Each structure stands twice: as structure tokens, then as C-alpha cells.
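Same order as they appear, the protein sequences are chains A and B. Once you know that position 247 of the first sequence is 247 in full-length UniProt numbering, the rest is easy, because the numbers rise by one and skip nothing. Once you know that position 50 of the second sequence is 50 in full-length UniProt numbering, the rest is easy, because the numbers rise by one and skip nothing. The beta-carbon is built from N, C-alpha and C at its ideal position, and this holds for glycine as well. Predicted model, so just to flag it, every value in this text is computed and none were measured.
Protein chains: 2
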Amino acid sequence: DILSDLPYTMEAVRRLLPELTTALRKGNCGRLGVVGGSVEYTGAPFYAAISMLKVGADLAHVFTPDDAAAVVKGYAPELIVHPELDPGHWQQRMDAMLVGPGLGREEKSLQVAHDVIVEAQRRAQPLVVDADGLVILTERWESLSAAPVHKAELPIILTPNAVEMDRLAMQVLQVSTLGKPWEEVRLAVSKLAARLKMNIFLKGPTDMFATADGKVRLYDAEGSARRPGGIGDILSGVIAVFLLWSTRSDVPLHTVAEAASFFVREAARRAHEQIGRGMTASDVVAQVAPLMKTIDKPYEGVYDANKL
Amino acid sequence: DILSDLPYTMEAVRRLLPELTTALRKGNCGRLGVVGGSVEYTGAPFYAAISMLKVGADLAHVFTPDDAAAVVKGYAPELIVHPELDPGHWQQRMDAMLVGPGLGREEKSLQVAHDVIVEAQRRAQPLVVDADGLVILTERWESLSAAPVHKAELPIILTPNAVEMDRLAMQVLQVSTLGKPWEEVRLAVSKLAARLKMNIFLKGPTDMFATADGKVRLYDAEGSARRPGGIGDILSGVIAVFLLWSTRSDVPLHTVAEAASFFVREAARRAHEQIGRGMTASDVVAQVAPLMKTIDKPYEGVYDANKL
């Protein structure tokens with residue numbers, strides 16, 4: 001088996017990839033929505049959305065305020081950018097949603113994020129909540145964790161960094177996690193996931209992934225020590241795509257976390273190796289498609305007996 | 001020691017670089033603010049801010065008037081661009097400030113620059129004042145040089161060119177420096193720095209750096225004879241980052257000046273060598289990360305025993 005020659009983490013990515021056949025139509029590999037961006041933060045939703053396409057999704061829709069939309073459009077013609085933060089009826093046409101990158105904390109924006117989370121839960125739609133999307137989740141965790149869909153493997157992943165994790169843990173568990181020994185953090189993230197009935201991908205020197213059943217796994221593939229703005233947005237975009245693909249296969253949620261952690265760390269490692277200390281998020285994006293190509297099965301065209 | 005094999009000036013840059021470890025979080029290598037830009041000048045704040053990232057800072061915020069903001073955003077998704085010149089409460093969240101690039105001379109803009117200088121002094125926040133930021137500093141030098149923080153190594157650097165230097169010297173010392181023999185200029189820049197209690201980086205065929213104690217040093221690494229617009233903005237961005245890093249180490253201020261002078265001259269020299277006479281500021285920016293890579297320690301991944 002060719003897979004057995006790959007490092008374990010690369011194999012995790014490979015297991016998620018949809019098979020490419022001539023029967024595929026536009027959208028079959030994923031039509032994803034990003035709800036985020038604000039007048040100050042236009043790079044964040046861009047980095048998330050472009051990374052979705054560059055790992056292999058078909059369509060990335062960005063829902064962003066009017067005063068950010070033209071700028072985000074300008075970054076890449078690949079993106080479909082709606083000049084309104086609220087996806088409204090578009091949400092039901094998306095295969096997965098990512099809410100939060102560059103959202104900002106205006107009351108109105110947080111309300112939109114809240115409604116997107118509720119709607120995704122109602123539809124059991126794959127959902128990633130990142131950055132300022134976690135602000136509203138923290139504020140209203142009681143109602144949001146009591147949403148109708150309750151099962152061990154809900155397709156929802158929260159992606160806090162250390163500060164966002166601390167805020168969540170303080171609010172839900174009355175426990176601070178910032179600067180605490182990792183055993184304490186692991187315990188807190190486990191309790192938090194179980195309490196919220198949501199999966200949590202805690203970004204850090206070692207990434208921690210807690211499933212809603214409270215089990216925690218650790219991932220620490222080699223990456224880069226540089227922390228320029230935007231890498232978290234790339235990660236949340238990649239997680240959203242892998243999460244979507246996992247729901248169409250028998251790949252478990254923790255493999256999504258393992259694969260995404262490895263993938264973005266490896267892309268950052270390569271960017272650092274090539275560009276050096278001055279690497280930016282755009283340099284990491286530039287590594288995404290080439291990295292996927294090294295992991296993917298060689299493309300030898302597609303034979304499909306039932307093509308006609 | 002590997003450092004002893006480097007040219008002296010490269011060593012100056014190296015001494016400033018923050019060590020990269022997995023314990024770093026986003027922002028630890030620098031979160032800087034640029035106050036500048038105007039409806040005419042959108043390139044200046046861009047060149048300053050993108051250079052900050054490409055020498056190795058984590059985050060660059062640009063504060064620029066509404067009618068310049070969308071354009072500046074569009075140049076690079078890496079930048080966080082606020083559509084207002086006045087940084088307001090954001091200033092306290094920045095590790096260092098650069099005020100002036102592309103600012104223009106509208107009364108309102110100069111007032112914002114003035115307030116940013118006052119606030120930076122009050123907080124002893126690393127500050128670089130460039131271009132039209134020097135106009136307001138010249139006009140109100142008496143009150144600004146009497147600001148509360150007074151010590152030999154204030155983290156503030158003015159970066160005048162010959163004309164801006166002449167204006168400052170005329171106003172403060174009633175002495176003209178334009179076209180004068182370099183010994184006279186050196187004397188004037190020494191007096192000026194002592195009088196203003198600020199450090200002065202005078203850009204010229206030979207760069208002069210006067211510390212607030214009146215001591216002057218000269219730097220004349222090889223550069224390019226081409227003087228397209230924007231190179232001064234790159235220099236002020238690089239100085240701001242090196243200044244910030246110096247405040248976190250035992251590296252003296254004159255090493256900041258030496259390192260920045262060498263760094264930008266060498267980047268311009270390389271751009272000229274590659275592109276020829278038609279080189280622009282963007283070609284110099286393209287040299288920044290690669291040059292830093294040749295100076296930086298080779299990246300061999302990061303081992304951190306306390307990673308978890």
C-alpha cells in the first residue's frame with residue numbers, strides 16, 4: 001500500500017481527500033462560506049478563504065461588510081465575495097461554514113455570528129468558529145451549547161488561541177488557563193469540550209484537540225517559530241475543508257485535527273525555510289497547493305468506465 | 001563564534017534579532033503602528049509597513065485617512081489598515097509607532113501627528129518621526145522637546161533628509177545646513193539632538209546618527225545611487241522595528257542606526273544590481289526578506305524542552 005510509505009500525519013491528510021473522477025461537478029469538492037472581515041481586518045477572511053481553495057475545495061464564498069468587500073474581492077478573483085456579513089439564505093447552500101476571521105467585536109457583527117452558529121447547529125452543518133466568533137460563543141455559551149443537535153461527533157470545531165481559550169475557560173469553568181502547566185490546560189480543554197458539547201482545537205506550541213466526549217489528543221509536528229498575523233486564518237480555513245470532507249467519509253474528527261495541524265505546520269515550516277524570518281501569511285499560502293501536491297496521489301488523468 | 005565571521009555591520013543587525021522559539025505568540029516579535037498616508041500618498045505608509053513585516057515583525061497596523069485606506073489595504077492583505085489617521089486607543093496596544101510617511105501637511109493631519117508624538121513620549125513608547133511628521137515637530141519643537149520623559153537613550157528617532165534637517169536646524173538653532181560642508185552639518189546635528197533631547201538619523205550620502213547626548217556617528221555602507229521615491233519609507237519602517245527590538249535587549253541605540261543604515265543600503269544595492277536603473281521601491285522591498293535570511297542564523301527548526 002502506497003499510503004504506508006507516508007509519514008503518519010501525511011497519511012491522515014490523504015485519507016480525507018475526495019477522490020477525483022470525471023463524474024465530479026463544480027461544488028462537489030466543497031462549497032464553503034466564510035463569515036468575517038471588518039473595515040480594519042480584510043486580510044483575515046481572505047487568508048481563510050483562499051486556503052480553502054488551495055487545499056482543494058471548489059468554491060469559497062466570503063460574507064463581509066460592505067466597507068470591506070471590494071478590498072477582499074481585489075485580493076483574489078477566485079473568491080466570491082458578498083458585500084454583507086449576514087449570509088442569510090446563502091447559508092443553506094454552503095456545505096460548511098467558518099465564522100470569525102477578522103470579524104471584529106461590533107454588537108451587530110457578533111449577532112450575525114451568533115445566528116450563523118445557531119443555524120449551522122440546526123442544520124448539523126459542518127462549522128468552524130474562530131477568532132472573534134469565539135467572543136459571542138463565550139458570551140452566550142449556555143444557549144449555544146444547548147442547541148438541538150447533540151451527539152458525540154458534532155461537526156463543529158472551535159479554534160481558540162491561548163487568550164481565547166482562557167476567556168472561554170473563565171466564563172464556562174471559572175478556571176484560568178493562560179500560562180498554566182500543560183496538564184492543567186489539557187484538563188480544562190477536556191472539561192470545556194464536554195461541557196459545551198463541541199470539539200475544541202486549541203492552537204499553541206503543541207496543538208490540543210478535545211472531542212465532545214472529553215478525550216484530548218496532542219499534535220506537535222514541526223512548524224515555524226515565526227508568528228506573523230494571518231496563519232491562524234489559514235489554519236481555520238484548512239480545518240473547515242477537512243471537517244467537511246470528513247463528514248463524507250469514515251474518517252474520525254480527530255484525524256481532521258491531526259491532518260490540519262500537520263498540514264499548516266508543514267506549510268509554515270516550508271515558508272520559513274524558503275523565505276526566512278521575513279515570511280508573512282502570504283508566503284504560507286503560497287506553500288499550500290504545492291504541499292498538497294506532494295501529499296496527494298500522483299495525478300494520472302482519470303479513467304471512468306461510466307463516463308458517457 | 002559564527003558572528004565573528006560576519007562583516008561588522010551584518011553583526012549589528014544580528015545582535016538585534018529576537019530569538020525564535022516555539023514559546024513565541026503572535027505579536028511577540030513586534031506589533032507596530034504606522035500613522036501616515038493621505039489622499040495623494042498611499043505608497044509611503046505601505047512601504048514602511050510592509051518592510052516592518054519583511055524584516056520580521058509580526059503585525060503592522062496602518063492608520064490612514066478614509067480616502068487612502070482602501071487603496072493601502074489593497075496593496076497587501078498582510079496589513080491591518082484602519083480608515084482613520086488618528087490611532088486613538090489603539091496606540092497603547094502598539095509596541096512601537098512610526099509617524100509621518102505620506103502624511104501631508106493638512107492642519108488636521110499635523111495635529112494628529114503631534115498628539116501621537118506626545119502620547120508616545122508620555123508612554124516612553126519607541127517612536128520614529130519621519131517626513132511630514134517632522135513638519136509639526138519643527139513647528140512645535142519647544143513644547144515637544146520639553147516632554148516629560150528625559151533621558152540619554154530615549155526610544156525616539158527623527159529621520160530627516162537634508163531639506164527636513166535644514167528646516168529643523170533653522171527653526172531650533174537658526175543655522176542653515178543645506179549644502180554646507182559635512183563638518184558643519186555634523187556639528188549642527190549634534191547640537192540639534194542635544195537641544196531636542198531626541199536621537200536624529202540624518203539621511204544622506206553618508207548617514208549621520210546623533211544621540212541625545214550630542215555624540216555623532218557616521219555610516220556609509222555601499223548602497224545604490226538611484227533615489228526613487230519610497231526608499232526613505234522603507235528605511236523608517238526598518239528603523240522602527242530595530243528600535244523596538246533594541247529596547248528589549250542590551251543593544252545600544254547607535255547599533256540600531258548602524259544596522260538600519262547598512263540593511264537598507266544593502267537591499268538597495270542588491271535591487272540596483274538585479275534590476276538596474278529602473279529599480280523602484282517595490283524592488284527594494286523584494287530584497288528585504290532574502291537579505292534578512294542571509295544575515296539571520298540558519299533556521300534549523302526549533303527545539304524547546306518546555307514546549308508543552
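Per-residue contacts from residue i into chain C (C-beta, under 7 angstroms)
i: H82 (chain B); result: Looking at the structure shown, chain C is missing, and the protein chains on hand are A and B.
Within 8 angstroms, strictly: CB atoms of residue i and residue j
i: I117 (chain B); j: L79 (chain B); result: no
i: L144 (chain B); j: V112 (chain B); result: no
i: S236 (chain A); j: L16 (chain A); result: no
i: K197 (chain A); j: A212 (chain A); result: yes
i: L98 (chain A); j: A240 (chain A); result: yes
i: P45 (chain A); j: G37 (chain A); result: yes
i: L134 (chain B); j: E164 (chain B); result: yes
i: A70 (chain B); j: A69 (chain A); result: no
i: D130 (chain B); j: G104 (chain B); result: no
i: V264 (chain A); j: V238 (chain A); result: yes
i: A225 (chain A); j: L24 (chain B); result: yes
i: Y299 (chain B); j: E273 (chain A); result: yes
Rounded distance between the beta-carbons of residue j and residue i, thought under 8 angstroms
i: A257 (chain A); j: F201 (chain A); result: 5 angstroms
i: R270 (chain A); j: L291 (chain A); result: 7 angstroms
i: I234 (chain A); j: N199 (chain A); result: In fact, because the Cβ distance is near 19 angstroms, the residues do not count as touching under 8 angstroms.
i: K203 (chain B); j: T159 (chain B); result: 6 angstroms
Buried or exposed by the 16-neighbour rule on C-beta atoms within 10 Å, applied to residue i
i: L244 (chain B); result: buried
i: L47 (chain B); result: Reading the sequence as shown, one finds Tyr at residue 47 (chain B) and not Leu. It is buried - the Cβ of Y47 (chain B) has at least 16 other Cβ atoms within 10 Å.
i: R167 (chain B); result: buried
i: R122 (chain B); result: exposed
i: H114 (chain B); result: buried
i: A146 (chain B); result: exposed
i: T9 (chain B); result: buried
i: T294 (chain A); result: exposed
i: H89 (chain B); result: exposed
i: G102 (chain A); result: buried
i: H87 (chain B); result: The identity of residue 87 (chain B) in the sequence shown is Pro, whereas the question assumes His. Buried, by the Cβ-count rule.
i: G301 (chain A); result: exposed
i: P77 (chain B); result: buried
i: T22 (chain B); result: buried
i: L20 (chain B); result: buried
i: G179 (chain B); result: exposed
Own chain partners of residue i with C-beta closer than 6 angstroms, once the 5 adjacent residues on each side are dropped
i: A12 (chain B); result: T255, E258, A259
i: P126 (chain B); result: A96, P155, L243, L244, T247
i: L184 (chain A); result: Looking at the sequence shown, residue 184 (chain A) is not Leu but Glu. So no residue of the chain qualifies.
i: D296 (chain A); result: none
i: Y219 (chain A); result: D207, E258, S261
i: E119 (chain A); result: Q91
i: T42 (chain B); result: A68, V71, V72
i: T280 (chain B); result: P228
i: G223 (chain A); result: R265, A268, R269
i: R217 (chain A); result: F209, H254
i: I136 (chain A); result: L110, A113, H114
Residues near residue i in its chain [Cβ-Cβ closer than 8 angstroms; skip 5 each side]
i: A305 (chain B); result: Annotation note: pLDDT 49 at A305 (chain B) (below 50); position unreliable, coordinate value reported separately. Within the same chain, A305 (chain B) has no close Cβ partners at all.
i: A152 (chain A); result: Because the pLDDT at A152 (chain A) is just 49, under 50, the model does not fix this residue reliably, and the point stays unresolved.
i: P65 (chain A); result: G37, S38, V39, P83, E84, L85, S109
i: E139 (chain A); result: L110, Q171
i: I275 (chain A); result: D283
i: P205 (chain A); result: D220
i: E106 (chain A); result: S38
Residues near residue i by beta carbon distance below 7 angstroms, same chain, minus five either side
i: V288 (chain A); result: S51, K54, V55, A267
i: V251 (chain A); result: R15, L16
i: S176 (chain B); result: D166, A169, M170
i: V128 (chain B); result: L98, I157, T159, S236, I239, A240, L243
Contact test: residue i Cβ vs the ligand SAM heavy atom, cutoff 7 angstroms
i: G30 (chain A); result: This structure lacks the ligand SAM, and indeed carries no ligand of any kind.
Please confirm if the stretch 20 to 36 of chain A is in contact with the stretch 55 to 66 of chain A, defined as three or more CB-CB distances below 8 angstroms between the two stretches. Touching, yes, given that three or more Cβ pairs across the two stretches are closer than 8 angstroms.
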